[in-house]
Amino acid sequence: MIKQKALLFDATQCVGCGECYSACKEKNHNPETSSDYLKDHLSANTFTVLEEYKVKDKSNNELDVFTRKMCMHCQEPTCVSVCPVGAFTKTEFGPVIYDGDKCLGCRYCMQACPHKVPRYQWNKTNPVVRKCTMCYDRVSKGLPTACSEACATGATLFGDRDELIIEAKKRISENPDTYYPEVYGLEDEAGGTNVLVLSPVPFDQLGFSQLPKQPLPTLTKQAMDKIPGVVGVGGVLLTGMYWLTKRKNQIAKEENKKNN
Amino acid sequence: MKAFNLPKITFWRAVAVIIVMTGLYSTFLRFSTGLQQTALKDSFPWGLWIGFDVLCGVGLAAGGFTICAVTHIFNIKQFKPLTKPAILTAFLGYVLVVVGLLMDLGKPWNIWHAIIMWNFNSVMFEVAWCVMLYTTVLFLEFVPVVLERFKLYTLQNILKKVSVPIYILGIILSTLHQSSLGSLFLIIPTKMSPLWYSSLLPVYFYLSAISVGFAMIIFEAFLSARAFDKELELNLLSKIGFISVIVLGINFALKMIDLTFSNKWGYLAQLDQASLLYILEALVGVIIPFFMLTSKKVRENKKWLYIASCMIVGGFIFNRLNVSITAVSNGTGIFYFPSFNEISITLMLVVLGMWAFRLIVKNFPVFNEPVRS
């Protein structure tokens with residue numbers, strides 16, 4: 001079995017240098033979108049951003065924390081589930097990729113993504129959805145992602161998902177005072193992600209979405225599963241009803257005749 | 261030979277022409293410069309075109325399948341005079357939904373991809389197929405009227421033989437996609453106001469579609485009676501009004517039970533923008549018309565029946581816009597108001613629909629008695 005690849009982002013290690021941001025821009029040939037990378041936001045030309053948050057740590061000290069935002073490459077991706085033409089694919093080794101040639105442009109992926117990631121080319125006449133691909137082309141050749149390669153402090157690590165989980169848990173247990181004692185994306189965030197996050201504070205303080213535990217596609221699946229039943233039962237009921245009421249009308253007609 | 265007369269310029273004709281011209285210009289802008297002509301953005305990707313043109317369009321066209329069920333499956337033949345106009349409105353409604361969708365899709369020329377690229381997990385995929393098939397069904401249901409006009413009786417007889425399976429298919433397809441339009445929102449629990457989000461959304465969408473389908477039949481009957489100077493079948497319409505309001509009441513009761521069991525009354529008590537809109541929707545779209553139409557006196561009165569059915573239609577539109585815009589705006593904290601182009605294209609579609617209805621009714625035997633005009 002192919003081992004799933006993942007990224008581990010450790011917010012306690014990030015100094016906010018912006019090398020990941022630049023490396024991502026360069027790798028994806030995306031044009032410059034902001035003079036200050038800390039103020040940029042995800043867009044059709046920006047697949048990852050660095051954000052700065054002022055938070056309070058456990059002993060109530062002011063803390064400057066940098067965090068990255070990007071596609072989380074969900075274990076059970078909502079975008080893959082909702083796309084009517086299957087333009088999104090969860091690849092076997094982790095990255096979630098998109099095929100613009102299949103896309104209709106319904107933007108259900110954007111509406112549905114719990115991490116609010118996919119972006120659109122609103123100013124194009126033949127627009128596509130754009131987002132981080134976890135450097136699918138590089139990763140499939142055995143290379144790390146551009147952002148992890150560029151990271152000097154080791155805040156962004158690339159590797160096998162299960163090994164990164166072990167590493168993340170090790171960091172928490174070795175430095176329980178530094179970390180909020182959970183790994184974002186392990187499994188509690190709508191089934192987990194292939195981008196794992198460690199943080200000194202609860203994740204919502206760094207702008208990560210609080211999600212239900214169950215993978216979101218199960219919500220629509222419950223409704224979709226009822227379709228064969230509706231068709232079967234509906235067909236039988238309607239045919240039966242047609243036959244019954246027709247017969248009733250006939251009998252009524254005959255009785256009318258008799259009475260006259 | 262009849263002499264050719266230029267159409268008279270009346271106030272409403274002038275308004276209609278201006279709306280269509282503006283809409284065409286907006287359409288030109290939309291296709292020449294992309295969706296930046298809308299107020300849509302990455303954080304708010306679905307707006308008026310999905311909320312009104314698609315969700316309301318499909319719902320308001322529900323009269324086509326509900327009246328078919330009444331006359332052809334339950335065989336209550338007295339309602340037959342209402343079926344043909346209802347089927348025509350439904351057919352035109354679905355054509356407009358598809359046109360509205362073509363405006364909204366980023367790559368409308370790829371719309372046929374849904375036919376060959378399948379994703380059985382996607383509610384959108386199911387809706388696409390149902391709309392496609394049901395529009396065909398509506399065409400088959402209406403085409404006998406066209407065949408009669410051209411005296412093609414052999415073809416008409418062939419269609420008559422398969423009419424019952426076609427009606428049944430139409431009802432099943434409608435049940436599926438009317439409810440699935442609600443299922444579209446099941447996957448965004450974290451992005452919607454809890455007042456509107458519910459695992460019962462597909463049930464609410466289905467029941468409200470049935471209710472508004474009947475209300476639309478009343479609404480159209482009044483408009484047609486006025487426009488074509490024909491008699492109103494008031495006794496039939498008040499019965500239809502009664503069915504509509506009973507389904508409306510069942511739907512509302514379900515919602516209230518749901519609010520109670522999921523402990524959501526607290527959100528209503530907040531009296532913020534979302535809760536006030538929720539209360540207004542319930543009051544104007546459900547509670548008032550419910551009390552009006554359950555009273556025999558009111559529903560057998562021409563004027564009040566018309567007003568009540570207008571309220572049901574208005575409440576329905578309000579509900580769909582609340583689910584797709586208010587609830588999402590409240591859940592994500594993102595403000596959205598449609599752009600001029602979104603509004604003008606929507607208005608153009610409405611005018612084109614009314615114009616097409618008028619044109620077809622004048623030239624084909626849609627109403628049982630011939631139209632005098």
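Going down the list, the protein sequences come from chains R and Z. Numbering of the first sequence is given in my numbering, commencing with residue 1 and proceeding in unit increments. Numbering of the second sequence is given in my numbering, commencing with residue 261 and proceeding in unit increments. C-beta: ideal position from N, C-alpha, C; glycine also.
Chain-order list of residues whose beta-carbon lies under 8 Å from that of residue i (same chain, five-residue window excluded)
| i | result |
| --- | --- |
| residue 535/Z | 455, 527, 528 and 529 |
| residue 589/Z | 304, 595 and 596 |
| residue 240/R | none |
| residue 85/R | 102, 103 and 104 |
Within 7 Å, strictly: CB atoms of residue i and residue j
| i | j | result |
| --- | --- | --- |
| residue 73/R | residue 134/R | yes |
| residue 440/Z | residue 386/Z | yes |
| residue 6/R | residue 161/R | yes |
| residue 223/R | residue 584/Z | no |
| residue 609/Z | residue 360/Z | yes |
| residue 211/Z | residue 342/Z | This structure gives no information on residue 211/Z, because the portion of chain Z shown stretches from 261 to 633. |
| residue 561/Z | residue 104/R | no |
| residue 110/R | residue 305/Z | yes |
| residue 400/Z | residue 426/Z | yes |
| residue 381/Z | residue 246/R | no |
| residue 68/R | residue 9/R | yes |
| residue 4/R | residue 142/R | no |
| residue 445/Z | residue 461/Z | yes |
| residue 605/Z | residue 287/Z | yes |
| residue 509/Z | residue 550/Z | yes |
| residue 432/Z | residue 231/R | yes |
| residue 119/R | residue 302/Z | yes |
Residues that residue i contacts on chain R, provided the C-beta gap is smaller than 8 Å
| i | result |
| --- | --- |
| residue 386/Z | 224 and 227 |
| residue 443/Z | 220, 223 and 224 |
Under 8 Å by beta carbon: chain Z residues contacting residue i
| i | result |
| --- | --- |
| residue 112/R | 447 and 448 |
| residue 127/R | 294, 295, 366 and 367 |
| residue 221/R | 381 |
Interface residues of chain R facing residue i [CB-CB closer than 7 Å]
| i | result |
| --- | --- |
| residue 334/Z | 241 and 245 |
| residue 306/Z | 107 and 111 |
| residue 309/Z | The contacting residues do not exist; residue 309/Z stays about 11 Å from chain R at best. |
| residue 377/Z | 85, 86 and 102 |
Nearest-angstrom Cβ-Cβ length linking residue i and residue j, presumed shorter than 8 Å
| i | j | result |
| --- | --- | --- |
| residue 219/R | residue 447/Z | 5 Å |
| residue 522/Z | residue 297/Z | Contact flag wrong, Cβ pair sits at about 39 Å. |
| residue 184/R | residue 197/R | 4 Å |
| residue 504/Z | residue 474/Z | 4 Å |
| residue 147/R | residue 48/R | 6 Å |
| residue 38/R | residue 19/R | Not a contact, Cβ separation roughly 13 Å. |
| residue 108/R | residue 516/Z | Not confirmed; about 30 Å, so no contact. |
| residue 353/Z | residue 320/Z | 6 Å |
Neighbourhood of residue i by C-beta distance below 6 Å, restricted to the same chain and skipping five residues each side
| i | result |
| --- | --- |
| residue 578/Z | 541 and 545 |
| residue 615/Z | none |
| residue 592/Z | 451 |
| residue 2/R | 92 and 93 |
| residue 253/R | none |
Listed by chain order, chain Z residues near residue i by CB distance under 7 Å
| i | result |
| --- | --- |
| residue 81/R | 381 and 382 |
Chain-ordered chain R contacts of residue i [CB-CB under 9 Å]
| i | result |
| --- | --- |
| residue 615/Z | None at all; the shortest Cβ gap to chain R is about 28 Å. |
| residue 437/Z | Result: empty, since nearest Cβ-Cβ is about 10 Å, beyond 9 Å. |
| residue 370/Z | 85, 101, 102, 103, 104 and 105 |
| residue 431/Z | 234 and 238 |
Same chain only: Cβ atoms within 7 Å of residue i, ignoring 5 sequence neighbours per side
| i | result |
| --- | --- |
| residue 552/Z | 558, 564 and 568 |
| residue 112/R | 78, 79 and 82 |
| residue 216/R | 78, 114 and 190 |
| residue 434/Z | 322, 325 and 394 |
| residue 261/Z | Residue placement at residue 261/Z cannot be trusted, given a pLDDT of 47 that sits under 50; what the coordinates show is reported in the next sentence. Excluding positions up to five away in sequence, the list is empty. |
| residue 402/Z | 347, 348 and 351 |
| residue 345/Z | 480, 484, 626 and 627 |
| residue 204/R | 210 |
7 Å Cβ cutoff, residue i in contact with chain A
| i | result |
| --- | --- |
| residue 374/Z | Going by chain labels, chain A is absent from the structure shown, which instead holds the protein chains R and Z. |
Contact list for residue i against chain Z, beta-carbon separation under 9 Å
| i | result |
| --- | --- |
| residue 120/R | 295, 300, 301, 302, 305 and 366 |
| residue 123/R | 293, 294, 295 and 296 |
Any non-hydrogen atom of the ligand COA within 6 Å of residue i CB
| i | result |
| --- | --- |
| residue 412/Z | In terms of ligand content, the structure shown is empty, and the ligand COA therefore cannot be addressed. |
With 9 Å as the C-beta to C-beta threshold (strictly closer), list the residues of the region 351-368 of chain Z near chain R in chain order.
361, 364, 365, 366, 367 and 368
Using Cβ-Cβ distances below 8 Å, what residues of the region 452-475 of chain Z are close to chain R?
459 and 462
Closer than 8 Å, Cβ to any Cβ of chain R: which residues of the region 283-297 of chain Z, in chain order?
291, 292, 293, 294, 295 and 296
Can you list, in chain order, the residues of the region 175-209 of chain R whose Cβ is nearer than 8 Å to any Cβ on chain Z?
209
Within 9 Å of chain R by C-beta, residues of the region 595-611 of chain Z in sequence order
none
Taking any Cβ of chain R, which residues in the region 579-596 of chain Z have a Cβ under 7 Å from it, in chain order?
none
Anything in the region 495-509 of chain Z with a Cβ closer than 9 Å to a Cβ of chain R? List those residues in chain order, please.
none
Residues within the region 403-428 of chain Z neighbouring chain R, beta-carbon criterion of under 7 Å:
424 and 428
Closer than 7 Å between beta carbons: that is the criterion. Which residues of the region 125-152 of chain R meet it against chain Z?
125, 126 and 127
Any residues in the region 2-33 of chain R with a beta carbon nearer than 9 Å to a beta carbon of chain Z? Which ones, in chain order?
none
For the region 553-576 of chain Z, which residues have a CB atom closer than 8 Å to at least one CB atom of chain R, in sequence order?
none
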